[in-house]
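Novice:
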Amino acid sequence: MEDLLPSAVLEICVLVGVSRDRVQEAYQAAQKKDVKSFPSLEPEVLSVFVPPFISKQESQMANINSNALNKSKRRSFRRKKEKPKIESASTLNGGQKTPETEDITVPKDVDLNGLPQLCFPEGFYVSFESREDNIHFLVFTDVYGTRTYGVVAQYYQPMQDGRILNGHVHWETRQSSKTAAYFVPFAICVISRYPYFNALKDCLSCLLVQLKPYKDLDVDDCIKEFAAKLSLIPSPPPGPLHLVFNMKPLQVIFPSQEDPDSPIIDLDLHLPFLCFKPEQVLQIITCILTERKIVFFSSNWALLTLVSECFMLYLHPIQWQHTFVPILSRQMLDFVMAPTSFLMGCHIDYFEEVNKEADDLILINIDTGDIAQSRSSEDETEIPDIPLQAAEIFLTRVESVQLYYDLELCHLGSCTDLGDAQLRKRNWQQKLNSEIQQINLQLIVNIFREVKDHLNYEHRVFNSDEFMKTRAPGDQPFYRKVLETYMFHSFLKARLNRRMDAFARLELSTQSEEERSGSLFNSPRRLTMEKMISKRFNPQYMISKRMGMSMPNLQDIKPIDSPARRNSSLRRPEASHATRSVSKSVSTFKIPEIHFPLMAQCVHSYYVDFINHLSRAINIVSPDNSALLARYFYLRGLIGLMQGKLLNALLDFQNLYKTDIRIFPTDLVRKIVEALPPADRSQADQKPELKRLISLVMDKQRETTKVDDHVKNFQLPKTHMQLDDFVKRIQESGMVKDIDTIHRLFDALTVGHQKQIDPETFKDFYNYWKETEAEAQDVNLPPAVVEHLDKNECVYKLSSSVKTSKGVGKIAMTQKRLFLLLEGGRPGYEEIATFRDIEDVKRTTVAFLLLRIPTLKIKAMSKKEVFEANLKSECDLWHLMVKEMWAGKKMADDHKDPQYIQQALTNVLLMDAVVGALQSSKIIYAASKLSYFDKLKNEVPMMVPKTTAETLKHKINPSAGETFPQAVEVLLYTPGQLDPAERHGDAHPKLWCALNEGKVVVFDASTWSIQHYFKVGNSKLKCMVMAEQSQVWIGSQDSIIYIINTHSMSCNKQLNDHRAEVVDIIVENRDSVSSEAYSSSLDGTVIAWNISTLKVNRRFQLACETLTSIKFHNNRLWCCIGSCILVVMTNGIIRQKIKVEDDVKGPPVSLLHFQLFPERDQMWASCLGSNDLCIWNMSNLSAPFQKINLQDCSEVTCMMKVKNQMWVGCRGHSQAKMKGKIYVIDAEKKMVEKELVGHTDAVKALCSAEDRYVLSGSGKDEGKIAIWKVD
């Protein structure tokens, strides 16, 4: 149980030096030889200080429960005190390692044998002159890659006649003494699990001040007291709270991580920019990203570690995977002979030696800012340039950074208080660190942004070949090397796992509207007209840059009026201000004083003070500041754990669910639960909140789901493929995801053959697809042509140069129209027709001499003349393609669903690839297998009823990009301009859509483009409500209510007081202000919540088998429990029961859904398996209800009140097929006004958008959302 508690600031403290007897012996030897300098001595560990510093017996005397969670007993030891007389070396050596007291336990990953040479990397030299104290830093890495950090303070003690003086040479000197004073170095090394470089430097600086007056015997006690203090300081949890400790004379700050995925930053991140030019910083980053063998050199040992660590932090969240030893002592120089990648640091004196000893090293001189390379083997080349656009943006942003503190604050008055000066410098440094972090993160995002376009998440495939084709020629050497590294492989794993880290957050926040709308709608990609214009002025495109990665289901959302911010995936320098970081506000908490002498009572008193201070802070802080509250609860839980008060600790950790679940220490809590004594476990079971916490934590342990971490590089198949294997291969390639389309493609490619596809056919098809895609990227239309096209249009297909009725030229196809690209003396644009305007398409022949030339005729409704093109051998293919696009466009217009034109376009491109790849007389017949919409139009005319067509405004597909459609479980509309954090005009309304397995897709309801995508749990989501402006509550089948912060669009809080599936959540509004929220679960539990504090105001249990939904009206809760509807007071007292009394004898009727209509004093309800609606008068519920029969409805699935209408979603039938129907019923006349048939599966969810529109979501067979206009 030793390692259960999170490590404190101090892991171990070590005093390193040489015994005074050995120094005296060396001094006497030097005097005999008449040498004026001391020989180099081997330093050794003199004392070790390991927590805890009080014994078990002392703890028990102080009433501190030394429970099983306490770490194994550790004390300190000191090498045996030598006698004043110098003894023989053999006697001295024989007794050196004997502890003065009991045995201690040293952390297993701390190597005490190798530590002395790292504390004195230059060697141990006694001096005849006083030297300044100095500090340097160490990093240790174990075999698992876990890092531990050391801060070393070297100081010099004067010595005379073998006696240490108290800082002054004249102390205890005798006038008769003939020996001169000399100065002996010592080193104090503090080792920590955390990289608190500046904080521990400050602590050691304070200690050195205190050590000056001490004699030899007292030094150990002083260091032990210092180590004991640090061992009682916990590391702060991630978030906006730093800890402050008074070390006297300095106030030492221990900073926290910004978030759980971020590293602790406690050093000056601008140091490399003071040592190197920005261009050289980029070169070093390139060396690290390409995993070279790197050695830093400096005359300053501290700089070696600090600069190396800065570069590690610059790459975040990408992590260095190899050997990392920022300081090599002179005895460790042979480490640079290692065959694998590494990053090491040496003193500048060893530069020539290292340069000669090893090949292929990158040698970086921090002192001069030079970068060199040792002898190179054939495998290694020069350092490649970082991608040009990413480098340009980086350099532009670095130019604007103020790196010099004096220049930044020269206009301010001088600080007369040390603390104020320290605080001012720290605030400046924190702001600068934040800006440098953001600049480097933007660099990493700009380098790797387009990697996601070449990933297949379902099959975990990265298509590196296609990614490389999209890189500019000048950037390819860089990417070629990076793609082979372990770091990049780990980066790919994180992307495929959809990890929402710093990279993902910045990449998402800087996406253009086009990228945002296409992020889940993987589409065939071509240059839009807007990009084609900007391409002409972009040097990157002056060279033939083959952009284009094929993906299916083109998104054809109407164009956004705002101009695109960029041409390629990288932001231009002028856009950099949009991503400039704003330093987040951070609070500090002052740790109470630790009183000495070191006794158990003092430690107990310290814990009590700590708890009291935290409790006061919790009581003072506003409930709205849940992030700060969470940190206080975490710390109080941690201190409670140190005290041995396990139940108190669990209660504090339980509060993290309602304040910030991200910092909940799951493993720690599980271990606490497992270590609970029987008496404590019994008490915990009597407290509902603790019983629930224990259940949740232990259940999670049983849910051991193995994470799939493999990454596959796409490779063409080498064996014959049956249908299932072919589907997988096509999806991996990124060409198409839709399974039905792939099945049609399989039929096309196997026409006239066995139902299997050979590798050669697949290869030919794949290569033709990619070549066509690349050619389309190289299309460069004249400005006179571009001005006729919409900015979001792309050219997908160009014919050969042909003779037409409008002149000679090439026929071009976009997703919207056909036009002729005229050639010859009058180049320009001639429109043929938009697909919406086509009236007829025919294939015919015309006579030319003795030949009949195949000709395509296209009749447009708006033009009298018929367009003719002598397409010759291309005629049959173009005939198929135009008819498919025409049919797809008609379907898209009739059903207000742009995905039909997207699918038609995918079909057309697949036809083209089939014809290009197959060598067969039946290629046109094969291609016709992909003619889906044209066949559909001819076989079954898809007539949309007039009422539906007039009411339906648009359809969107939240599960586009998925392999299968997913049911729309819940819909929620949140109006715009609610978020005070967003600028005016930016706070667009949002549509929240819950899919299966906890997935939530959030649309911008003004453009219907996707804004966010996230997961909450893994279960079906049952209900959503906006509890207040900054919170959306989502009830789940797993009994948890997930709370989404609408500012950060993240889930940091959970309510887990329910024991069964959460079925409904409603908000009680008083004077337009949310006061309480009520949640209900399937087992009949109803809980009233205080929305601001998330505390339970009331809870009650209804005696029922199932509770399906609740409503709030007239200070009463209306609860549907299946057999009846209960009218309940808010304290749970039942006032009335409403049942459906059926005249016909049979099984009891079960109520399924109900809705209140207070304006008309009505209650509406539906029954299981019935097509009737029952309507009660709320003023007289005992009176008989009225019925409305819904024709062609098999069951009501949802209902919602809108204005004076009731919108009812059903599972119904239309034209003898299963359909999702919506009935719009006039509440006053109780008559069906409209029957809307807009879904091919049951309507599962309804929501209203400000009573102007109604949005409906369908089941898994379709999985789409329809937007309806309200009269």
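Using the working numbering, you'd call the opening residue of the sequence shown number 1 and step up by one each time.
Ideal Cβ placement from N, Cα and C applies to all residues, glycine included.
In chain order, what residues of the same chain have a beta carbon less than 7 Å from the beta carbon of Ala-869, not counting five sequence neighbours either side?
Specialist: Against the sequence shown, residue 869 aligns to sequence position 869. Excluding positions up to five away in sequence, the list reads Val-802, Thr-804, Ile-811, Thr-855, Leu-856.
Novice: Taking just the CA atoms, how far does Glu-831 sit from Phe-819?
Specialist: Numbered from 1 along the sequence shown, position 819 holds the residue referred to as residue 819. Numbered from 1 along the sequence shown, position 831 holds the residue referred to as residue 831. Roughly 4 Å between the two C-alpha positions.
Novice: Taking just the CA atoms, how far does Cys-13 sit from Asn-1282?
Specialist: For the chain, the structure presents residues 1 to 1271; residue 1282 sits outside this window and is missing.
Novice: Tell me the DSSP secondary structure of Tyr-632 in three-state form.
Specialist: Residue 632 sits at position 632 when you count from the first residue of the sequence shown. In the structure shown, Tyr-632 sits in a helix (DSSP, three-state: H, G or I).
Novice: Please work out which residues of its chain come closer than 6 Å, Cβ to Cβ, to Arg-983, disregarding the five sequence neighbours upstream and downstream, and give them in chain order.
Specialist: On the sequence shown, residue 983 is found 983 positions in, with the first residue counted as 1. Summary for Arg-983: the model assigns pLDDT 45, below 50, so the residue's position carries little reliability; its value from the coordinates is reported in the next sentence. Nothing listed; no residue qualifies.
Novice: Can you tell me whether Thr-340 is helix, strand or coil according to DSSP?
Specialist: The count along the sequence shown starts at 1 and reaches residue 340 at position 340. It is coil, neither helix nor strand.
Novice: So Asp-1241 and Gly-1212 are in contact, right, with Cβ under 8 Å, and what is the actual spacing, rounded?
Specialist: For the purposes of this step, residue 1241 is identified with residue 1241 of the sequence shown, where counting begins at 1. For the purposes of this step, residue 1212 is identified with residue 1212 of the sequence shown, where counting begins at 1. Asp-1241 to Gly-1212, Cβ: 11 Å. No contact.
Novice: Excluding the 5 residues flanking Ser-576 on each side, which residues of the same chain have their C-beta closer than 8 Å to its C-beta?
Specialist: Counting from 1 along the sequence shown, the entry for residue 576 is found at position 576. Its pLDDT being 40, under 50, Ser-576 is placed unreliably in this model, and the value from its coordinates should be taken loosely. Excluding sequence neighbours, Ser-576 sits near Ile-393, Thr-396, Arg-397, Gln-442.
Novice: With a Cβ-Cβ cutoff of 7 Å, do Ile-1110 and Leu-1117 count as a contact?
Specialist: Taking the first residue of the sequence shown as 1, we reach residue 1110 at position 1110. Taking the first residue of the sequence shown as 1, we reach residue 1117 at position 1117. Yes, the pair counts as a contact, with Cβ atoms nearer than the cut-off.
Novice: For Val-295 versus Cys-346, is the C-beta distance shorter than 7 Å?
Specialist: What you label residue 295 is simply residue 295 of the sequence shown in a count that begins at 1. What you label residue 346 is simply residue 346 of the sequence shown in a count that begins at 1. Yes, they are a contact pair.
Novice: Leaving aside the five residues before and after Lys-452 along the sequence, list all residues of the same chain whose C-beta is less than 7 Å from its C-beta, in chain order.
Specialist: Position 452 of the sequence shown holds residue 452. Cβ within range, chain order: Arg-495.
Novice: Report the option in Asp-142, Val-184, Glu-466, Val-586 whose CA atom is closest to the CA atom of Arg-20.
Specialist: Here residue 20 refers to the residue found at position 20 when the sequence shown is read from its first residue. Of the listed residues, the one whose Cα sits closest to Arg-20 is Val-184.
Novice: When you compare only the Cα positions, how much space is there between Ala-187 and Asn-134?
Specialist: Taking the sequence shown and counting its residues from 1, one reaches residue 187 at position 187. Taking the sequence shown and counting its residues from 1, one reaches residue 134 at position 134. If you take the alpha carbons of Ala-187 and Asn-134, they lie about 9 Å apart.
Novice: Please classify Ser-846 as buried or exposed, where buried requires at least 16 other C-beta atoms within 10 Å of its C-beta.
Specialist: Within the sequence shown, residue 846 is the residue found at index 846, counting from 1. One detail in the question is off: residue 846 reads as Val in this sequence, not Ser. Exposed, by the Cβ-count rule.
Novice: Should the region 120-139 be called in touch with the region 151-158, which here means at least 3 C-beta pairs below 8 Å?
Specialist: The answer is yes - the region 151-158 touches the region 120-139, with three or more Cβ pairs under 8 Å.
Novice: CA-CA distance, Lys-1229 and Asn-1204?
Specialist: For the purposes of this step, residue 1229 is taken as the residue at position 1229 of the sequence shown. For the purposes of this step, residue 1204 is taken as the residue at position 1204 of the sequence shown. The straight-line gap from Cα to Cα measures roughly 10 Å.
Novice: Bridge partners of Asp-1064, per DSSP?
Specialist: Start at 1 with the first residue of the sequence shown, and residue 1064 comes out as number 1064. Asp-1064 is bridged to Ser-1080.
Novice: Since Ser-231 and Leu-15 should fall inside the 8 Å C-beta cutoff, what is the C-beta to C-beta distance between them, to a whole number of angstroms?
Specialist: Looking up residue 231 in the sequence shown gives position 231. Looking up residue 15 in the sequence shown gives position 15. Not a contact, Cβ separation roughly 16 Å.
Novice: Between which two residues does the alpha helix (DSSP H) harbouring Ser-615 extend?
Specialist: To locate residue 615, count along the sequence shown from 1; it is residue 615. Residues 600-620.
Novice: For His-753, count the other beta carbons within 10 Å of its own beta carbon; 16 or more makes it buried, fewer makes it exposed. Which is it?
Specialist: For this step, residue 753 is matched to residue 753 along the sequence shown. The residue is exposed, with fewer than 16 neighbouring Cβ atoms inside 10 Å.
Novice: Specify the secondary structure class of Val-325 as computed by DSSP and reduced to three states.
Specialist: Taking the first residue of the sequence shown as position 1, residue 325 is located at position 325. It is a strand residue.
Novice: With 16 other CB atoms within 10 Å as the buried threshold, where does Ala-679 fall?
Specialist: If you number the sequence shown from 1, residue 679 lands on position 679. Exposed.
Novice: Going by DSSP, which residues form a beta bridge with Leu-1102?
Specialist: Numbered from its first residue, the sequence shown carries residue 1102 at position 1102. In DSSP, Leu-1102 forms no bridge with anything.
Novice: Reducing DSSP to helix, strand and coil, say where Asp-1271 ends up.
Specialist: Here the question's residue 1271 lines up with position 1271 in the sequence shown. Coil, per DSSP.
Novice: May I ask you to report which of helix, strand or coil DSSP gives Arg-131?
Specialist: Taking the sequence shown and counting its residues from 1, the one referred to as residue 131 is at position 131. Looking at Arg-131 - three-state DSSP - the assignment turns out to be coil, as it is neither helix nor strand.
Novice: Beta strand (DSSP E) containing Ser-1166: first to last residue?
Specialist: Start at 1 with the first residue of the sequence shown, and residue 1166 comes out as number 1166. From DSSP, the beta strand (DSSP E) with Ser-1166 extends over 1162-1167.
Novice: Could you give the first and the last residue of the continuous alpha helix (DSSP H) run that contains Trp-769?
Specialist: Position 769 of the sequence shown, counting from 1, holds the residue named residue 769. It spans 759-777 - the alpha helix (DSSP H) in which Trp-769 sits, taken as one unbroken run.
Novice: Can you find at least 3 beta carbon pairs, one from the region 748-768 and one from the region 779-798, that sit closer than 8 Å?
Specialist: They do not touch, by the three-pair rule.
Novice: Over what stretch of residues does the alpha helix (DSSP H) that includes Cys-875 continue unbroken?
Specialist: Here the question's residue 875 lines up with position 875 in the sequence shown. Looking at the DSSP string, the run of the alpha helix (DSSP H) that includes Cys-875 is 875-895.
Novice: Could you tell me whether the Cβ atoms of Pro-255 and Val-307 are closer together than 7 Å?
Specialist: Taking the first residue of the sequence shown as position 1, residue 255 is located at position 255. Taking the first residue of the sequence shown as position 1, residue 307 is located at position 307. Cβ atoms of Pro-255 and Val-307: not closer than 7 Å.
Novice: DSSP state of Thr-666, grouped into three classes?
Specialist: Sequence index remark: in the sequence shown, residue 666 carries index 666 (1-based). It is helical.
Novice: Do you know offhand how far Gln-902's Cα is from Glu-884's?
Specialist: For the purposes of this step, residue 902 is taken as residue 902 along the sequence shown, with counting starting at 1. For the purposes of this step, residue 884 is taken as residue 884 along the sequence shown, with counting starting at 1. Approximately 11 Å, taken between the alpha carbons.
Novice: Just confirm the distance between the C-beta atoms of Thr-659 and His-242, as a whole number of angstroms; I'd bet it's less than 8 Å.
Specialist: The count along the sequence shown starts at 1 and reaches residue 659 at position 659. The count along the sequence shown starts at 1 and reaches residue 242 at position 242. The pair is not a contact, with the Cβ atoms about 18 Å apart (cut-off 8 Å).
Novice: By DSSP, does Asp-220 sit in helix, in strand, or in coil?
Specialist: Looking up residue 220 in the sequence shown gives position 220. Correct three-state label for Asp-220: helix.
Novice: What residues in its chain sit with their C-beta under 6 Å from that of Phe-297, if we drop five residues either side in the sequence?
Specialist: The residue given as residue 297 occupies position 297 in the sequence shown. For Phe-297, where only same-chain residues beyond five positions count, the Cβ hits under 6 Å are Cys-346, Ile-348, Phe-351, Asn-365.
Novice: So the alpha helix (DSSP H) Phe-351 belongs to, where does it begin and stop?
Specialist: As a working note, residue 351 is residue 351 in the sequence shown. Where Phe-351 is concerned, the enclosing alpha helix (DSSP H) stretches over 351-357.
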